[in-house]
Amino acid sequence: MQRRSDERVRALLDALLEGRASPDLAERASAGLGLPEHGRYAVAVLRVERPGPVRGAVDVEGMRFWWRAREDQEIAVVALGDRGLEELTAVLVGRCPGPGGISPVVEGLAGLDGARRLAEAALLTCAAGSRRIVRVEDRLTTALLVSQPELSARLVTDVFGPLLTLEPAERELLVETLDAWLECGGSAGRAAGRLFCHRNTVFNRLRRLESLTSRSLSRPRELIEMTLALDAFRLTAVR
Numbered sequence: 002m003q004r005r006s007d008e009r010v011r012a013l014l015d016a017l018l019e020g021r022a023s024p025d026l027a028e029r030a031s032a033g034l035g036l037p038e039h040g041r042y043a044v045a046v047l048r049v050e051r052p053g054p055v056r057g058a059v060d061v062e063g064m065r066f067w068w069r070a071r072e073d074q075e076i077a078v079v080a081l082g083d084r085g086l087e088e089l090t091a092v093l094v095g096r097c098p099g100p101g102g103i104s105p106v107v108e109g110l111a112g113l114d115g116a117r118r119l120a121e122a123a124l125l126t127c128a129a130g131s132r133r134i135v136r137v138e139d140r141l142t143t144a145l146l147v148s149q150p151e152l153s154a155r156l157v158t159d160v161f162g163p164l165l166t167l168e169p170a171e172r173e174l175l176v177e178t179l180d181a182w183l184e185c186g187g188s189a190g191r192a193a194g195r196l197f198c199h200r201n202t203v204f205n206r207l208r209r210l211e212s213l214t215s216r217s218l219s220r221p222r223e224l225i226e227m228t229l230a231l232d233a234f235r236l237t238a239v240r
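Read the sequence shown against this note's numbering and you will find it ends at 240, with the numbers running on by one and no gaps.
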């Protein structure tokens, strides 16, 4: 009987997360899982080496978690109640090794399939080796890139093509400098402090980067291209 109950739970969660068309699915899932059909929900997707055992409902910090294991993922359907994504993130960071992605809040069980896709997009923005648990709302531009791998690869080739011909050490130095400069809000002085070099060294590396890419960091559109290409390069370089 317990085995049949577990199988029913897995089937209901799968149907919700995959958005299977059924007029009474949300109602049946609400009854079978003990979750309100209409309410505030989020989905979290965690990358794992091996899935954990089947788990029933778990209540943590005023939120109810239902877990579903996949081959290399664990997916949590979370009934938030009156809690927010900040509280959900804190719970996951404190209890899960990461990396992971969290969807926006959706209203009702019927929105869980879209939430799952957005949580997976957030997870894809986490580089290999990362242990961060991130919200898709904080990674929208990067999530757009990873959702379009062919366009991302084209962007890297078009913008960073000349860098790809450099020796790996020189290429990484230029990319690291651009990354630090962007993280420091375009301040060469702060970037120099982060990189343990002189600010003139930062300027020289950035000019070298501009020369290689035929793009100027002072032109907004070209700066956007460089920033997106950097994100795409960082993600594709480690996959």
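Cβ atoms here follow ideal geometry from the backbone N, Cα and C, with glycine treated the same way.
Am I right that residue i and residue j are in contact with their C-beta atoms under 8 Å? What's the rounded C-beta distance?
i, j, result
"residue 77", "residue 122", "Actually they do not touch by this definition, with Cβ atoms about 16 Å apart."
"residue 42", "residue 79", "6 Å"
"residue 85", "residue 135", "Actually they are not in contact, since the Cβ atoms of residue 85 and residue 135 sit about 16 Å apart, beyond 8 Å."
"residue 13", "residue 27", "Incorrect: roughly 10 Å between the Cβ atoms, too far for contact."
Shortest alpha-carbon distance to residue i belongs to which of the options?
i, options, result
"residue 35", "67, 226, 50", "67"
"residue 132", "96, 106, 111", "96"
"residue 49", "64, 16, 98", "98"
"residue 119", "112, 137, 109, 107", "137"
"residue 8", "74, 28, 33", "33"
"residue 109", "18, 173, 73, 220", "18"
"residue 144", "229, 211, 126", "126"
"residue 214", "124, 104, 176", "176"
"residue 142", "166, 158, 229", "229"
Just to confirm my understanding: we take residue i, look at its own chain, exclude 5 residues before and 5 after, and list those with CB closer than 6 Å. What are they?
i, result
"residue 181", "192, 195, 196"
"residue 58", "65, 67"
"residue 161", "230, 234"
Using C-beta distances below 8 Å, list every residue in its chain close to residue i, excluding the 5 sequence neighbours before and after it, in chain order.
i, result
"residue 153", "146, 147, 233, 236, 237"
"residue 92", "61, 62, 64"
Just to confirm my understanding: we take residue i, look at its own chain, exclude 5 residues before and 5 after, and list those with CB closer than 7 Å. What are they?
i, result
"residue 190", "200"
So who's on the other strand from residue i, going by DSSP bridges?
i, result
"residue 80", "42, 65"
"residue 102", "46, 135"
>> To test your reading of the DSSP string, which unbroken alpha helix (DSSP H) runs of 4 or more residues are found completely within the segment 38 to 76?
In response: Those alpha helix (DSSP H) runs which fall completely within the segment 38 to 76 and span 4+ residues do not exist here.
> What residue ranges within the segment 170 to 227 form continuous beta strand (DSSP E) runs of no fewer than 3 residues, ordered along the chain?
Replying inline: Positions of the beta strand (DSSP E) runs, each at least 3 residues long and wholly inside the segment 170 to 227, cannot be given because no such run exists.
>> Extract the residue ranges of the beta strand (DSSP E) inside the segment 108 to 157, only unbroken runs of 3 or more that lie entirely within it.
In response: With a minimum length of 3 residues, the continuous beta strand (DSSP E) runs that stay inside the segment 108 to 157 are 134 to 136.
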